[in-house]
Each structure stands twice: as C-alpha cells, then as structure tokens.
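Per the working numbering, the very first residue in the sequence shown carries number 387; after that it's consecutive. Note that the Cβ used here is the ideal one computed from N, Cα and C, for glycine as well. This report refers to the structure that appears directly beneath it.
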Amino acid sequence: MKFIYDRPEIAMVQTLGTTNFCLVPPKGGRGGGANLQSIRIPRQFATMLGAETGRTYTMQEVMELAKPMVPEGMEVTPSLISSFLGLGAAVNPLDDDLKFYTKFSEDYKEYLKEKKFNTERLDPASAKDGSFELWAYYHLGLPSFSMNLFTIPKVKEEKKKEEGLSLEEVEKMSSDEFIELGEEKIGAFLEANKAPDRFTANGIIDMMKSGQFSPKQMAGMMKNMPKPKEEGELNEKDKTLLAYVDKNLDGKGFLPWEPYTHPTLGEVEIGGYLPFLENTPPTQKIDSLCMIQLPWLLKLSDKLPEFKFLNEKITDMGGGVFKLEIFVENKGYLPYPISIGQRNKQPEPVVVTLEGSGIEFLNGKPRTPISNIGGNQVKKLSWIIKVDKGQSVTAKLESKSVGADVKQIKIGG
387 MKFIYDRPEI
397 AMVQTLGTTN
407 FCLVPPKGGR
417 GGGANLQSIR
427 IPRQFATMLG
437 AETGRTYTMQ
447 EVMELAKPMV
457 PEGMEVTPSL
467 ISSFLGLGAA
477 VNPLDDDLKF
487 YTKFSEDYKE
497 YLKEKKFNTE
507 RLDPASAKDG
517 SFELWAYYHL
527 GLPSFSMNLF
537 TIPKVKEEKK
547 KEEGLSLEEV
557 EKMSSDEFIE
567 LGEEKIGAFL
577 EANKAPDRFT
587 ANGIIDMMKS
597 GQFSPKQMAG
607 MMKNMPKPKE
617 EGELNEKDKT
627 LLAYVDKNLD
637 GKGFLPWEPY
647 THPTLGEVEI
657 GGYLPFLENT
667 PPTQKIDSLC
677 MIQLPWLLKL
687 SDKLPEFKFL
697 NEKITDMGGG
707 VFKLEIFVEN
717 KGYLPYPISI
727 GQRNKQPEPV
737 VVTLEGSGIE
747 FLNGKPRTPI
757 SNIGGNQVKK
767 LSWIIKVDKG
777 QSVTAKLESK
787 SVGADVKQIK
797 IGG
C-alpha cells in the first residue's frame, strides 16, 4: 500500500491473477449498509434541501431536491448524493463505470476473435472481497482491470442426434398443430426434454385448447428451465477438467481418491485435482498465451484520460477588467476521475493555476481544481481579473497522472 500511495501518478491498475475484468466486468450484487430507497435526510441537510426531517425519501426524490442546489452544468447522480449525505461505502461497481467495463469487455472479445484465440473456456474466478483488483477500484478510485492468462478450454461435446420433435420445431407450431400430434408423441416430447413431472400430455393439451398456453410459450419456458441433473452425472466444470487432464496430461492431473488415516480427523480420503491445475498452462503454451493477451493491456492504457488546454476567450469589460475563459479538453476515452473516484474524491483533482505580474482576482482564484471531465469532453473555467492591458498571464494545468500543459495568454492585445 505504501508503494502505491507514494506514487500518485498511477492512473490505471492491471492485475494478473485468477479473475478477468477484461473479459467479464466486475459483478455487483453485494449488500451494503445503506437502503437507497428509504433515505432519512439528516437535519443539517434537510433545511438546505427543503426536506422534512420526519420522513424518508427515495434516491430519486433526494436527487430532485438537490438539483436546484448544485452549480449549473453539474450532474446530480446517486453517487454524488450518497457521498454528500454520507450514506455508507460503495460496495458495488457504479453504473457509469460498468458502461466502460462492458464496452471494453466486448472489444476484448472481438480482439481475441481476430487473434483466433479460443474463448470457450471455464469462467474465470469471481473476485474476492478485499482482492487487490477490487481494492484498487474502490479505494484508489482508479480503473482496475485483471486478466487470467490461462483457463481450461471447455469440452466440445458432440451433439446427439435428436429423435422426435425439437424445441425449435415446436416453437413454430400453432396450438392446433401441436394438439394433432396426439398424447403419445407429446408425452415423448416432454420426456425427451426433461420437462417437470407436473407437465403431462393431457394437461398441456387442455391448456392449449383453452388458449391458456401456446407452443411458443411452452418451448420458451422449457429452454429457460434448468435441466435436472441425472444421478452420477458430472457438472460442466468436472467434465472439462477431467477431459483436459486426459488429453493434455495423460491423466496425471488427477489423483484417485484413496483412504487415509489422519492423526486428528481419523479415516478420510485423499485425492482429487492437483494444485494449480486450473490456472497453470503447459510450459510450451506460456509464450503464445502471453503474446496474444498481454498486448490488450497496452491497448487499455491508450484509453486513459489526457488533459490539454484547448483554447481561451478574453472579454474586455472596461476599466482594466477582463473576463478570461479557458477551455480544458479531455482527449482520452475514459473520464477523470471515473464515477467511483468522484464519489470517493480519489484521486486528487487536476488544478489550473493562473500566474502573472499584478493580477487582481475579482472572481475566481489563482488555483482552480477541476472536479471532473468526461471522456472526449471539454470543460470551461472562467475568471474575472483586473490586469494591465497587454499583460501576459501564464496558465498551467497540473496533474499527477493525466498530463500537464502550459499556455501564455496575452490579455487585451
């Protein structure tokens, strides 16, 4: 942690491990301490927002109350409200951040497809609470990506030749056509597709005659039903691992279970998959795996925000007073900071400074922080200053990680 906090120039975190945020965006669904649909506004904020202290509000209602209070051009978001009211720590990726994670995930799949890289593999592990990749996102407020260079390829099972009707064929039938099949064929169809016991041929026929059910509805429902596991049948992961062990390791990646007398636990069995089987590739494949996948991390780096001065506008207001407007551009795809960074006020903001001999600031300050700029967007900063005509002002854009810029601006000719 000290290493990271001593280096505020870090702009993105990339982790090689067992998870893969490049392929599968970080998941939400974790429970937090705050109920955002039943918010009780603290007294010190209720007066400011014109809210009642004795009732609760939804997040949407609080956002509407807050809109008149924020500066023009500033967006009121759930993360802004949560931070302002102190509603507790964020425990799930924020929606705006998931947009770029999802976009990059789709791009990565296309990239792998172009490289003819097999993506039909076991799913990467889910990130554990407190993992480095999640810590970097939630605590540093930085885009955090992870990659697992190797996972076991899925088994390619040969499709069994279907006997009788398929779900696709039934889906296209009318109710009358399906009923005409008769009780025997309908019963065979239900059995072949492992329909629940409550689905009987007679019951389905009656429902279709009464118009309660159509073949299309039935087929769609059966497609989405989890198929019951047959006794002794292996799950997909075990099938994949055992097939990989047999094909690539001559069966040496799995030890048969054997009885063992443990000094404390007594009679137990020892065996199963060898350690690191799931994430350690054969040595002859390491170079090719790295050469195909690692360049993607460099492509992600190209998406980082980059701040530059775009242009400026000077308005002579008379009496040696000038309005100075400077436009700052984010030339990168990613915003700065990302949404979780805005919520946590991490990392530190970009600052624009104005320097020059004899400048008097009537509106604005010599150092102006920029709270955020979206990807490929421009933000306007303005000052009213009093300065001798023809005086030059030096504008400096200072940041630890998104670039720096300097511009000499001549005031009033």
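Along the length of the region 663-718, whole beta strand (DSSP E) runs at least 3 residues long occupy 693-704, 707-716, reported in chain order. Only residues of its own chain outside the window of five on either side were considered, and among them Leu508 have a CB closer than 8 Å to the CB of Lys623, listed in chain order. CA-CA distance, Lys633 to Lys671, rounds to 15 Å.
In the structure shown, Ala581 falls within a coil segment according to DSSP collapsed to helix, strand and coil. In this structure, DSSP gives Phe531 an extended state, which the three-state scheme calls strand. Unbroken alpha helix (DSSP H) runs of no fewer than 4 residues, entirely contained in the region 472-510, are found at 481-500, following chain order. A direct Cα-Cα distance of roughly 30 Å separates Val556 from Lys540. Taking C-alpha positions only, Thr701 is separated from Phe407 by approximately 48 Å. The way I'd put it, the region 520-531 does touch the region 725-736; three or more beta-carbon pairs between them come closer than 8 Å. Judged by DSSP secondary structure, Asn634 falls within the alpha helix (DSSP H) whose first and last residues are 622-634. The residues Glu569, in chain order, have a CB closer than 8 Å to that of Asn588 in the same chain once the five nearest residues on each side in sequence are set aside. Arg426 is bridged by DSSP to Thr442.
Pairwise C-beta distances place the region 676-683 in contact with the region 492-507, as three or more of them are shorter than 8 Å. Per DSSP, Arg729 is one residue of the alpha helix (DSSP H) stretching across 725-730. In this structure, Asn716 and Phe693 form a Cβ contact; the two beta carbons are roughly 6 Å apart against a cut-off of 8 Å.
If you draw a straight line from the Cα of Lys775 to the Cα of Val738, it comes to about 22 Å.
Put simply, the backbone Cα of Gln728 is about 17 Å away from that of Lys453.
In the displayed model, Ile756 falls within a strand according to three-state DSSP. Beta-carbon to beta-carbon, Leu402 and Leu535 are separated by about 7 Å, close enough to satisfy the 8 Å threshold. DSSP places Phe640 inside the beta strand (DSSP E), whose first and last residues are 640-648.
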